[in-house]
Amino acid sequence: MREEERKEPPRAFKISHQILCITGINFEKRSFVGYVELTVWPAVPDLTEVRINSKQCSIYRVNIDKKWDAAFTYFDPMSSIGQNNPVKRNLDFFQRCNKSYLNSVDPDRGNGELVIKLPTELLPTVSALGSFQMCVEFSVQQPQGGVVFVVPDMPGTLAERSAHMFTCGVENFSRMWFPCMDSFFDPCTWKIEVTVDSEMTAVSCGDLVSVEYNEAMTEKTYHYFLSTPVAAPNIALAVGPFEILVDPKMHEVTHFCLPGLMPVLKHTTSYIHQAFEFYEELMSSRYPYSYYKQVFVDMSYCDVATYSTLSILSTNLLHPPNIIDQTMVSRQLMAEAVAQQFFGSFIAMETWCDAWLTKGITGYLSYLFTKRTFGNNEYRHWVMRDLQEVCKYEQEVGPVVLDPSRQNPGVVCVHHPFWCGSPHTLSPRYAQVLAKKARLIVRMLEMRIGTELLLQVLNKLLSLAYNASQAPFSFSSWTNMLLSTSSFLKIIYTVTGKDIEPFIDLWVQQGGCARFTGSFVFNRKRNVVELDIKQDLSAPGALKFVGTLNVTIQELDGSFNHQFKIEENKTKFEITCHSKSRRNKKKKIPLITGEEVDMDLSAMDADSPVLWLRLDPDLQLVRTVHFEQPDYMWQYQLKFERCIVAQFEAIEALGNFATPASRYALNATIENEECYYRVRQDACQCLAKIANLMTGTWTGPPAMMNIFRKLFGSHSCPVIVRQNNFSNLHHYHLLKTMPQAMAKLRDTHNLCLAEITKFLLDLFKYNDNSRNKWSDNYYRASLIDALAATITPAITNVSLMTGQEVTAESLSADMRLVLEEIV
0 MREEERKEPP
10 RAFKISHQIL
20 CITGINFEKR
30 SFVGYVELTV
40 WPAVPDLTEV
50 RINSKQCSIY
60 RVNIDKKWDA
70 AFTYFDPMSS
80 IGQNNPVKRN
90 LDFFQRCNKS
100 YLNSVDPDRG
110 NGELVIKLPT
120 ELLPTVSALG
130 SFQMCVEFSV
140 QQPQGGVVFV
150 VPDMPGTLAE
160 RSAHMFTCGV
170 ENFSRMWFPC
180 MDSFFDPCTW
190 KIEVTVDSEM
200 TAVSCGDLVS
210 VEYNEAMTEK
220 TYHYFLSTPV
230 AAPNIALAVG
240 PFEILVDPKM
250 HEVTHFCLPG
260 LMPVLKHTTS
270 YIHQAFEFYE
280 ELMSSRYPYS
290 YYKQVFVDMS
300 YCDVATYSTL
310 SILSTNLLHP
320 PNIIDQTMVS
330 RQLMAEAVAQ
340 QFFGSFIAME
350 TWCDAWLTKG
360 ITGYLSYLFT
370 KRTFGNNEYR
380 HWVMRDLQEV
390 CKYEQEVGPV
400 VLDPSRQNPG
410 VVCVHHPFWC
420 GSPHTLSPRY
430 AQVLAKKARL
440 IVRMLEMRIG
450 TELLLQVLNK
460 LLSLAYNASQ
470 APFSFSSWTN
480 MLLSTSSFLK
490 IIYTVTGKDI
500 EPFIDLWVQQ
510 GGCARFTGSF
520 VFNRKRNVVE
530 LDIKQDLSAP
540 GALKFVGTLN
550 VTIQELDGSF
560 NHQFKIEENK
570 TKFEITCHSK
580 SRRNKKKKIP
590 LITGEEVDMD
600 LSAMDADSPV
610 LWLRLDPDLQ
620 LVRTVHFEQP
630 DYMWQYQLKF
640 ERCIVAQFEA
650 IEALGNFATP
660 ASRYALNATI
670 ENEECYYRVR
680 QDACQCLAKI
690 ANLMTGTWTG
700 PPAMMNIFRK
710 LFGSHSCPVI
720 VRQNNFSNLH
730 HYHLLKTMPQ
740 AMAKLRDTHN
750 LCLAEITKFL
760 LDLFKYNDNS
770 RNKWSDNYYR
780 ASLIDALAAT
790 ITPAITNVSL
800 MTGQEVTAES
810 LSADMRLVLE
820 EIV
């Protein structure tokens, strides 16, 4: 274990309490005025100035203890970055300027845009290390970020037009709408006062203490108080003519939506109490605040943004009961927002280099909620999808380093010209991939120390944070509410006795993913599998992995797990088979699930007992695997392996084997009602790919046509689709996918089959949703996508080569029918 002391920022003061007052909100001019009052505690007796953050705010006055006005200077170096030297206009020069300017306003370095000189009358108080109140009056006009004003261009009052405003942005956006210490290292208690028109509602962080009207009853002031110390980046505000719903199953939760959306709000949020109950039971810890608020707004920066006791969500997440597709997405996002109240808000990152912890833990908790709510298959599919996206990004763009604190900020990386240790210089895509990789790493950690021990660690963190939040202010009392990589290492060692520093060094403080390629041969004389596993270190974003790799082999006598130590120069491994060849063997084959199945073994090698092999079957590493084995093994794996990850791997591999046997295996998967619907969807896409590769030898009707008519055709006339009935969700998703896959079928001239075009147009023609209780909006949208996929560039290319202008008359009859149907 490395011993690292918590690094105090080079700041000569601390903030114990802050008052934020907002008034004069003008929706037409997109402006508001306000003041902040900070309770400042000097850390040194010679404090002469206070530096805080403020961006795009007009500062009018600074007053100390309501007695003395203080001189101040305001300068935002980022507003003129790179403009002073018109000669140097390259990326390297801009990167150096950017780094220098960010450091000059970094609160963790004791800097800020607003420098306030303390009056001499205050020196006795400062010398005695006594506290003082510093009031800053400001206004925000026409903000370019941090605050969004939504004012629809239509007649009526602001309330009738659903005009509203809300704050939004990345983790350090607070400075863009009020002066503060815009750092997670500075938690404090808060009092928030917001004055709005009588027909508006103000929602902010903390407990609502009171609502006071003025004498004319034209304005009202909302008073919120947050007794739990939190940092300024966890403070937010939303103002609008919101309709209010107190959750009927959990009265501590309140939902807000724009006028007219109450019915969909009731349905969408009806399951939110399940997330609270799940997390509290899972971590044996109560929700850390008294109340929780959800505000649904229009034109939001992202689908979900979470702050202390408050989440601001997009109205796009709201949906009525007859919508199928949005249900899972909305529940997952709202559940993740609740998880972020525990880790991200109550327990915050210490610095941006520690963001992977709060993001990773909340993502891991979301994994577990998905597993409980939607089942193990959906959970494993989510993990697999995240793994694929992370590896794809690191291969195409470059490595993602979760904790870049050990990297030199001045060293420019080829893949990321700007340092990744600051949210100022992160691309949104990098931030998304970082969050996905972080939750994969926390899941990997769970598989190394055990689920129960990891949950004990999370419970310990919450207990320490809760005790710290109840303590009175001191310079070190609230540090247990901050989470860093070093403190996480220590608490894991305290709870479990395990040192995970090598794990952190490999996966957190380095970027990249492991890239394995493998193959095997069966040695009949020795009855062993000679396995060859190599790492491709030349690929971009590759990580040199040294450690344990799990391998699962399915033999005639059962499934067996093996562990191999991947070392620097070792690539050859041997697996002694438990089974002999299939001669004189019983017919039923035991699987890893314990069930026994009948297999047609005529396709396999008569001298080999091996049915298939898998590397890292439980996704315990951030890796890609390219494994070579015969096509019949992939077919066996697809049909008989019960893990959906194995089935997806088999489908991907069968895309490289355009044979009748692969066609048969994919057809069987699509028709298999016991198979997970996402696997069946993937099989549809793969079958379309194989059909295009077998154009010259394909016999019978177009791929999937008979399956579609069998599943969805009318009983009396299979060529006509039956009335919609989406009560079987697996069939519903398959109904959307199969036409899209069939639309990709092509003939030898790379043109869509005329039979497919007619088939898709008939689906529009005979679509009947009159007796279906579910909406068919998403289904019809999928049909439009399918029709679009039938359009081939071949016609346009011919026109370009001949110089002929593309007009409606020059289009083929099928293409005109498609355009007429869509337009």
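Each step along the sequence shown adds one to the number in numbering that gives the first Met the number 0, with nothing skipped, and position 673 is 672. We put the beta carbon where it would ideally sit given N, CA and C, even for glycine.
Buried or exposed by the 16-neighbour rule on C-beta atoms within 10 Å, applied to residue i
i	result
residue 13	buried
residue 683	buried
residue 725	buried
residue 376	buried
residue 741	buried
residue 479	buried
residue 603	buried
residue 652	buried
residue 151	exposed
residue 250	exposed
residue 140	exposed
residue 2	The pLDDT assigned to residue 2 is 42, lower than 50, so where the model puts this residue is not dependable; a value taken from the coordinates is nonetheless given after this. Residue 2 comes out exposed.
residue 474	exposed
residue 830	What the structure shows of the chain is the stretch from 0 to 822, and residue 830 is not part of that stretch, so it cannot be assessed.
residue 761	exposed
residue 213	exposed
residue 215	exposed
residue 57	exposed
8 Å contact criterion, which residue i and residue j should meet: CB distance rounded
i	j	result
residue 749	residue 706	About 24 Å; that fails the 8 Å criterion.
residue 229	residue 221	In fact, because the Cβ distance is near 18 Å, the residues do not count as touching under 8 Å.
residue 267	residue 316	6 Å
residue 244	residue 264	6 Å
residue 515	residue 531	Residue 515 to residue 531, Cβ: 11 Å. No contact.
Where the alpha helix (DSSP H) through residue i begins and ends
i	result
residue 111	First-last for residue 111: undefined, no H or E at that position.
residue 427	427-448
residue 92	90-103
Residue range of the unbroken beta strand (DSSP E) whose run includes residue i
i	result
residue 36	30-41
residue 381	First-last for residue 381: 375-395, but that is the alpha helix (DSSP H), not the beta strand (DSSP E).
residue 206	206-212
residue 714	Where residue 714 is concerned, there is no enclosing beta strand (DSSP E), given that its DSSP letter is neither H nor E.
residue 783	Where residue 783 is concerned, there is no enclosing beta strand (DSSP E), although the alpha helix (DSSP H) it sits in stretches over 776-789.
residue 825	Past the boundaries of the shown model lies residue 825; the chain is included only from 0 to 822, so the question cannot be answered.
residue 255	252-256
residue 470	No beta strand (DSSP E) contains residue 470, which DSSP labels as neither H nor E.
residue 342	Note, residue 342: premise wrong, no beta strand (DSSP E); not H, not E.
residue 60	56-63
residue 574	571-575
residue 595	595-597
residue 201	200-203
residue 423	Run containing residue 423: none; DSSP gives neither H nor E here.
residue 562	557-565
residue 400	Neither: residue 400 is in no beta strand (DSSP E) and is coded neither H nor E.
(request) Output the residue ranges of the alpha helix (DSSP H) runs that lie fully inside the region 473-550 and measure 4 residues or longer, sorted by chain position. (result) 484-495 and 500-506
(request) Within the region 614-698, note down every full beta strand (DSSP E) run reaching 3 residues or more, in order along the chain. (result) Fully enclosed beta strand (DSSP E) runs of 3 or longer: 622-626.
(request) Spell out a yes or no on whether the region 523-534 and the region 368-388 are touching, meaning 3 or more CB-CB pairs, one atom from each, closer than 8 Å. (result) In this structure the region 523-534 does not lie against the region 368-388, because fewer than three pairs of beta carbons, one per stretch, are closer than 8 Å.
(message) Check whether the region 333-346 and the region 358-376 are in contact - that is, three or more C-beta pairs closer than 8 Å.
(response) Contact annotation: the region 333-346 touches the region 358-376, with at least three C-beta pairs closer than 8 Å.
(message) For the region 191-206 against the region 262-279, do three or more pairs of beta-carbon atoms, one drawn from each stretch, fall closer than 8 Å, so that the two count as touching?
(response) no
(message) Does the region 129-137 come into contact with the region 27-38, if we say contact requires no fewer than three beta-carbon pairs (one atom in each stretch) closer than 8 Å?
(response) yes
(request) Please determine if the region 311-329 and the region 445-464 are in contact, where contact requires at least 3 C-beta pairs separated by less than 8 Å. (result) no
(message) For the pair the region 304-314 and the region 281-292, tell me if three or more CB-CB distances fall below 8 Å.
(response) yes
(request) Counting only runs of 4+ residues fully inside the region 722-762, write out the alpha helix (DSSP H) ranges in chain order. (result) 728-741
(request) Could you tell me which uninterrupted beta strand (DSSP E) segments, each at least 3 residues in length, are contained entirely in the region 127-179, listed from first to last along the chain? (result) 131-140, 146-149 and 163-166
(message) Contact between the region 669-683 and the region 640-658 is defined here as three or more beta-carbon pairs at a separation below 8 Å; is this criterion met?
(response) yes
(request) Would you check if there are 3 or more beta carbon pairs closer than 8 Å linking the region 419-437 to the region 159-174? (result) Yes, they touch.
(request) May I have a chain-ordered list of the beta strand (DSSP E) segments no shorter than 3 residues that lie completely inside the region 235-309? (result) Taking only runs of at least 3 residues, the beta strand (DSSP E) segments lying wholly in the region 235-309 are 236-239, 242-245, 252-256, 291-296 and 303-306.
(request) State whether the region 99-108 contacts the region 63-83, with contact taken as three or more CB pairs (one from each stretch) at a distance under 8 Å. (result) yes
(request) Would you check if there are 3 or more beta carbon pairs closer than 8 Å linking the region 251-263 to the region 488-500? (result) With the cut-off at 8 Å, the region 251-263 and the region 488-500 do not touch.
(message) Check whether the region 454-469 and the region 427-434 are in contact - that is, three or more C-beta pairs closer than 8 Å.
(response) no
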